[in-house]
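Colleague: Each number in this note's numbering corresponds to the 1-based position in the sequence shown with 25 added. Note that the Cβ used here is the ideal one computed from N, Cα and C, for glycine as well. One structure coming up, written as structure tokens, with questions to follow.
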Amino acid sequence: MKHLANAIRISFLTLFLFLLVNWKVTLWLVLFGASLLAAPVFGKSSFGYMCPMDTLMGPASWLSRRLGLRKSDAPRWLENRYFAWAALAISVAVMLLSKRLLRVNLPVLPFWLVVSVFVTLRYKPKVFHNLACPFGALQRAFGRFARFSLKVDPDACTGCRLCEKDCPSRAIAFSPRDR
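Right under this line is the structure:
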């Protein structure tokens, strides 16, 4: 299963890079929009295998562990979760203003791809996924009441942290205070 998941991730990363090189990133946003429509049914993980950021964050996380760069805690200013929404608003504004003023479709996705890798070099992937990713904020909002999404039952949680390891997007953040 892990090899299939990695093949799917690499395929979508290749597709993303192909669309980026050919200045067709709008088509990628259509795919993202489709994942938003799937999120109320399947949860935010419906985009996890497609996300180019998630695909690159895996190797960045491995490299971070090998080099001893990782810090355990997220910065306090990120913990309120407003940053992701502000980042989304700024990203949309930059895209719209560049189209309007510069007459160019300025893709912000490559910027967030680089940011996700650098954040993951310093922190665990869940910091970017849960606190900084503007696209993750939308996925979270749309997938909040998902029918078929896997969820951790707080009453049954034993604190084993297996859910963190099994999450395809590495987005589950276990905290003892959650128990």
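1. Residues in its own chain within less than 8 Å of LEU44 by CB, not counting five upstream and five downstream?
2. Got a sec? Which residues, its chain only, sit under 8 Å from ASN130 by beta carbon, not counting five neighbours each side?
3. Are the CB atoms of LEU103 and ALA157 within a distance shorter than 9 Å?
4. To test your reading of the DSSP string, which unbroken alpha helix (DSSP H) runs of 4 or more residues are found completely within the stretch 133–192?
5. Is the stretch 69–85 in contact with the stretch 132–140, if contact means three or more CB pairs nearer than 8 Å?
6. Identify whether LEU42 lies in helix, strand or coil by the three-state DSSP scheme.
7. When you compare the CB positions of TYR148 and ARG95, do they come within less than 9 Å of one another, or not?
8. Using 8 Å for Cβ pairs, my map puts ALA99 next to VAL152. What's the rounded Cβ distance?
9. Straight-line CA distance for ALA162 to ALA109?
10. Does DSSP classify TRP48 as helix, strand or coil?
Modeller: Taking the geometry as given:
1. VAL50, LEU52 and TRP53
2. TRP48, VAL50, THR51, MET120, SER123 and LYS124
3. yes
4. 134–147, 159–168 and 187–191
5. yes
6. helix
7. yes
8. 4 Å
9. 6 Å
10. coil
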